[in-house]
Structure formats: structure tokens, C-alpha cells
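J.: A single structure is presented below for examination.
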Amino acid sequence: MEITKHLLMNLSLLLVLLFFTQLIMERQVKEESRKNLELVYFVIAIFTCYIFSVQVQDGISFDLRQVPMILGSLYAGHSFLFAGLTILMRGFLGINDGFWISVLVFTTLAFILKWMQSWFNRLTINQRVGVSIILTVMTSFVLMQMVTVVNQPIRHPEAWLSFILIPALTAGLISYSIETIKQTLIIRQRLAKADKIEAVSHLSAAISHEIRNPLTTVKGFLQLLSEQDYPDEKKKEFIHIAVEELNRAEEVINDYLTFARPAFEKVEEIDIEKELNQVLNVLNPLANLNGVEVKKKYTSGLTISGDRSKFQQAFINLIKNALEAMPNGGELTVQTFPTGSVVHILVKDTGIGMTNEQITRLGEPYYTTKGQQGTGLGMMVTFSIIRAMKGKVEIKSQVGKGATFHMRFNHFENKPD
Ligand code: ADP
Ligand code: MG
Numbered sequence: 068m069e070i071t072k073h074l075l076m077n078l079s080l081l082l083v084l085l086f087f088t089q090l091i092m093e094r095q096v097k098e099e100s101r102k103n104l105e106l107v108y109f110v111i112a113i114f115t116c117y118i119f120s121v122q123v124q125d126g127i128s129f130d131l132r133q134v135p136m137i138l139g140s141l142y143a144g145h146s147f148l149f150a151g152l153t154i155l156m157r158g159f160l161g162i163n164d165g166f167w168i169s170v171l172v173f174t175t176l177a178f179i180l181k182w183m184q185s186w187f188n189r190l191t192i193n194q195r196v197g198v199s200i201i202l203t204v205m206t207s208f209v210l211m212q213m214v215t216v217v218n219q220p221i222r223h224p225e226a227w228l229s230f231i232l233i234p235a236l237t238a239g240l241i242s243y244s245i246e247t248i249k250q251t252l253i254i255r256q257r258l259a260k261a262d263k264i265e266a267v268s269h270l271s272a273a274i275s276h277e278i279r280n281p282l283t284t285v286k287g288f289l290q291l292l293s294e295q296d297y298p299d300e301k302k303k304e305f306i307h308i309a310v311e312e313l314n315r316a317e318e319v320i321n322d323y324l325t326f327a328r329p330a331f332e333k334v335e336e337i338d339i340e341k342e343l344n345q346v347l348n349v350l351n352p353l354a355n356l357n358g359v360e361v362k363k364k365y366t367s368g369l370t371i372s373g374d375r376s377k378f379q380q381a382f383i384n385l386i387k388n389a390l391e392a393m394p395n396g397g398e399l400t401v402q403t404f405p406t407g408s409v410v411h412i413l414v415k416d417t418g419i420g421m422t423n424e425q426i427t428r429l430g431e432p433y434y435t436t437k438g439q440q441g442t443g444l445g446m447m448v449t450f451s452i453i454r455a456m457k458g459k460v461e462i463k464s465q466v467g468k469g470a471t472f473h474m475r476f477n478h479f480e481n482k483p484d
């Protein structure tokens with residue numbers, strides 16, 4: 068079983084390497100660096116086959132080299148590079164019968180794979196996995212036949228197992244894993260895009276509501292000033308109102324910029340009344356649209372520690388859900404109060420509510436009941452921010468009655484350095 072053991076070890080190493088490649092790949096933003104990483108994976112994979120190669124008879128060695136050669140050519144392109152590397156790797160094992168067989172088989176294979184590549188890319192996932200396996204089995208078979216002709220028939224008892232079955236298994240596992248990794252990346256990108264589109268439509272809604280009004284007012288005053296000569300007193304008053312309105316528009320823009328800007332990890336003193344008011348300002352257009360009455364029951368002067376813009380992000384997501392749960396109007400209550408060193412924040416709505424199952428699934432990535440409109444990422448972000456701030460969330464809800472989110476944070480403390 069020596070050969071089988073070697074090949075299985077090689078197989079596990081290839082999978083472990085693939086796993087780490089995936090971890091690194093997830094951090095790459097550029098498509099190009101992902102492609103390069105894929106290439107590097109297959110190059111390394113070919114050389115691990117060299118490490119695990121076993122000599123079965125004079126001049127003939129068994130290993131999994133055909134797998135990275137075939138999959139590399141199909142998935143990463145560059146079939147001639149992979150053929151060259153495979154032949155080079157075989158050269159390290161000695162220039163003998165097996166080497167010349169490799170030269171012949173892999174050069175021919177490189178041409179075939181090059182020719183197949185664009186067809187391969189158009190197949191479905193299952194078909195691609197299938198084609199990878201079939202090609203591997205066929206290549207292994209041709210290699211065995213060539214050995215029989217050039218050298219001597221392979222009489223090793225494990226030959227079939229180790230030279231046909233294990234490579235086929237390896238090809239299947241690796242190609243299936245690559246497909247899964249790619250699929251996950253695509254889904255993630257799509258979701259990120261959906262989130263951005265939502266942010267953009269939200270922004271335009273706010274601009275039309277909250278920026279057009281001040282602008283219209285300012286325009287009106289400027290027209291008045293230009294048409295008639297008012298006394299100085301009156302002029303000053305007009306200009307004062309116009310400036311106030313412009314300030315308000317500026318504030319709205321600033322609110323949005325806070326969310327658009329990538330946030331620093333800062334720990335500062337957060338005045339929760341101020342931040343919650345800012346969040347409610349931003350969401351005001353949505354509240355008006357849904358006919359929701361907003362009630363604020365604050366205890367003033369409560370502060371906690373954390374990153375301001377992250378705190379806002381967490382409550383934007385939370386309160387937006389509450390507003391979306393009341394499409395036909397209702398009441399949103401935002402309440403804050405202290406007990407001992409704990410600061411409580413309650414967000415209560417009178418919306419559609421949730422079942423217990425829904426509550427337990429909250430925060431699960433991509434969990435949404437809003438179909439195309441939802442991303443199912445909002446609560447995940449909210450929970451992770453609250454967790455990072457060492458806060459706790461308790462949720463109570465009844466279907467048709469509404470939902471209450473009860474958050475607990477520690478009061479801000481000035482830590483001595
Ligand atoms: P999304 O809003 O994109 O669906 P979220 O992660 O923000 O994603 O919310 C996940 C799900 O949790 C929502 O689809 C909804 O079913 C449920 N949910 C969250 N908040 C409330 C709420 N206040 N009332 C009713 N359902 C809610
Ligand atoms: Mg949401």
C-alpha cells in the first residue's frame with residue numbers, strides 16, 4: 068500500500084494548500100491578483116507531486132502530476148506553462164523512459180487543453196467537474212498504455228487503484244472545491260453590489276427630500292432680495308434664514324458622508340442622544356414615506372465608549388428594519404435610560420413582528436424575508452458592531468404586534484493611561 072499512501076498524502080496536501088489559497092484569495096480585491104494566486108497554487112501543486120512521487124518499476128514513477136497539469140490548464144489557462152513545468156518536474160526524477168513518455172503525453176495534452184479551454188468555461192459547474200475527472204482518467208490511461216508499450220506492462224498490484232482511481236478522485240475533489248470557492252466569491256460580490264445600489268437609492272431619496280427644500284427656500288429669498296429694495300433690517304433677516312437653511316442642507320450631506328466614509332477603529336466617548344438623533348434624521352424620509360410617528364424618550368447625558376460612525380451604522384440598520392416593518396404606518400419609539408453603570412437603549416416598533424424562528428435566525432448572513440429588496444446583511448453588521456462594543460441585545464417580538472430590540476452597554480469610563 069506504499070504507493071496509495073503516498074498519493075493519498077499528496078491529495079491531502081493539495082487540498083490543504085487549496086484551503087489556504089482560498090483564505091488568501093478572499094482578501095484579494097483585484098480580479099488580477101486572484102488569477103495570479105490561482106496560477107501560483109497550480110505551480111506549487113505540480114511540485115508537491117514531485118515530492119510524493121514513487122518509483123514503481125525501472126524508469127517509471129507514479130504520482131498525481133496529471134491532475135494539477137489538467138486542472139491548471141483548464142482553470143488558470145497557460146496550458147503550455149503547466150505542461151513545461153510538469154515535464155521539468157518529471158526531469159528532476161531522471162531522464163529515462165518515463166520522462167520521454169511525459170514529454171510526449173503532456174505536450175499533446177497542452178494543445179488539446181488549450182483548444183478546449185473556452186468550451187470548458189461555458190459548461191455548467193457539474194459538467195466542468197465531470198470533464199475534469201474524465202480527462203484525468205483518460206490521461207492516466209494513456210500514460211499506462213504508453214508505459215506498457217515503451218517500458219514493460221505495469222504488474223504492480225496497486226497500479227489501477229493508484230494510477231487511475233486516486234487521480235480521478237483528486238481531480239474531482241479539487242475541481243469541485245474550486246467551483247464552490249468561485250461560486251461563493253461571485254455571490255458575495257453580487258451582494259456587495261446590491262448593498263451599494265441600495266445606499267445610492269437611499270441617498271437620492273434623502274437628497275430630493277431634504278436638500279431640495281432648503282435650496283428652494285434660499286432661491287426664493289435671493290429672488291426677493293433682487294426684485295425689491297428692502298430695509299437693511301429685513302435684508303439681514305432674509306440672509307440669516309437662508310444661511311440657516313444652507314446649514315441644514317450641509318448637515319444632511321455630512322450625515323451621509325459619515326456612512327459612506329470607511330470608518331476608523333476609534334474608541335471615543337459617544338453621546339448617544341446626539342448620535343441617535345442623527346440616525347433618526349437620516350432615516351426621516353423613510354419614516355415619512357411609511358407614515359411612521361417617531362417618539363423619542365431620552366435620558367440626557369448618557370455616554371458609552373466606541374466608534375461613533377460604527378455606532379450610527381448599527382442603529383441605522385436596526386431602525387431601518389423597524390421602519391420597513393411598518394409599511395402602513397405605526398409608531399417607532401427610541402428610548403434610553405440608565406441603571407447603575409449600564410446604559411439601556413430600546414428600539415420599539417409596532418410593525419409586522421417576527422416568529423421565534425425568525426428571531427433566532429436574525430443576524431445570520433443573507434437571512435432576509437424581503438426577497439429581492441433585502442440583503443440580509445443589516446442585522447449581521449449591527450450585531451457584530453454591538454458585540455465589538457461589548458454590548459448585549461435582547462429581542463422580543465410577536466407576529467402582528469411589533470418588535471422590541473433592547474440593547475445594554477456599559478457607561479463610558481475614562482480609563483487612566
Ligand atoms: P434585510 O433588512 O435586508 O432583510 P436584515 O439583516 O436587516 O436584512 O434583517 C433580516 C430580517 O430580519 C428581515 O428580513 C426581517 O424579516 C427581520 N427583521 C429585522 N428587524 C425586524 C423588525 N423590526 N420587525 C420585523 N422583522 C424584522
Ligand atoms: Mg435591513
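Numbered according to the working numbering, the sequence shown spans residues 68 to 484. By construction, the Cβ of each residue, glycine as well, lies at the ideal position given by its N, Cα and C atoms. The model shown is predicted, which means the values in this text are computed figures rather than measured ones.
1. Tell me the DSSP secondary structure of GLU342 in three-state form.
2. Just to confirm the assignment, what range does the beta strand (DSSP E) spanning ASN477 have?
3. Which class does ILE127 belong to by DSSP, given the choice of helix, strand or coil?
4. DSSP state of LEU413, grouped into three classes?
5. Can you have a look at PHE159 and say buried or exposed, based on whether 16 or more other CB atoms are within 10 angstroms of its CB?
6. With distances taken Cα to Cα, identify the nearest neighbour of MET136 among SER146, VAL198 and LYS97.
7. Can you tell me where the alpha helix (DSSP H) holding LYS362 begins and where it ends?
8. Out of PHE404, THR191 and TRP182, point me to the one whose CA is closest to LYS364's CA.
9. In whole angstroms, give me the CA-to-CA distance for GLY144 and GLN184.
10. Roughly how many angstroms lie between the CA atoms of PRO329 and ARG454, to the nearest whole one?
11. Have a look at GLY373 and GLN379 and give me their C-alpha separation to the nearest angstrom.
12. Between the C-alpha atoms of LEU228 and GLN95, what's the straight-line distance to the nearest angstrom?
13. May I have the straight-line CA-CA distance separating SER293 from LYS302, to the nearest angstrom?
14. The beta strand (DSSP E) that contains GLY397, what's its start and end?
15. What residues come near the ligand MG, if near means a beta carbon less than 5 Å from any of its heavy atoms?
16. Expressed to the nearest angstrom, what Euclidean distance is found between the alpha-carbon atoms of MET211 and ILE168?
17. In terms of alpha-carbon separation, which member of ILE371, ILE383 and ASN423 lies closest to SER408?
18. Which whole runs of the alpha helix (DSSP H) in the region 124-188 are 4 residues long or more, in chain order?
19. Please confirm whether any heavy atom of the ligand ADP lies closer than 8 Å to the CB of ASN384.
20. How far does the alpha helix (DSSP H) with THR88 in it extend, from its first residue to its last?
21. Between VAL346 and ILE383, which are expected to be in contact by the criterion C-beta below 8 Å, what is the C-beta distance as a whole number of angstroms?
22. Helix, strand or coil for ILE485? Go by DSSP, reduced to three states.
23. Beta-carbon separation of ASN395 and ASN357 under 9 Å?
24. Could you tell me the distance, in whole angstroms, from the CA atom of LYS463 to the CA atom of PHE472?
25. In three-state DSSP terms, what is GLN295?
26. Does the ligand ADP have even one heavy atom less than 8 Å from the beta-carbon of SER464?
27. Helix, strand or coil for THR427, going by three-state DSSP, please let me know.
28. Give the C-beta separation of PHE109 and LEU138 to the nearest angstrom, bearing in mind that I take them to be a contact with Cβ-Cβ under 8 Å.
29. Nearer than 8 Å: is that true of the beta carbon of ILE278 relative to any heavy atom of the ligand ADP?
30. Can you tell me whether ALA177 is buried or exposed? The criterion is at least 16 other CB atoms within 10 Å of its CB, across all chains shown.
T.: Looking at the atomic coordinates:
1. helix
2. 469-477
3. strand
4. strand
5. exposed
6. SER146
7. Careful: LYS362 lies outside any alpha helix (DSSP H), inside the beta strand (DSSP E) at 359-364.
8. PHE404
9. 7 Å
10. Caution is warranted here: a pLDDT of 44 is assigned to PRO329, below 50, making its placement in the model unreliable, and the coordinate value is therefore given only provisionally. Roughly 19 Å separates the two Cα atoms.
11. 11 Å
12. 38 Å
13. 11 Å
14. 397-406
15. ASN388 and GLY445
16. 10 Å
17. ILE371
18. 133-143, 146-159 and 164-188
19. yes
20. 69-94
21. 5 Å
22. There is simply no residue 485 to check, as the chain begins at 68 and stops at 484 in what is shown.
23. yes
24. 7 Å
25. coil
26. yes
27. helix
28. 7 Å
29. no
30. buried
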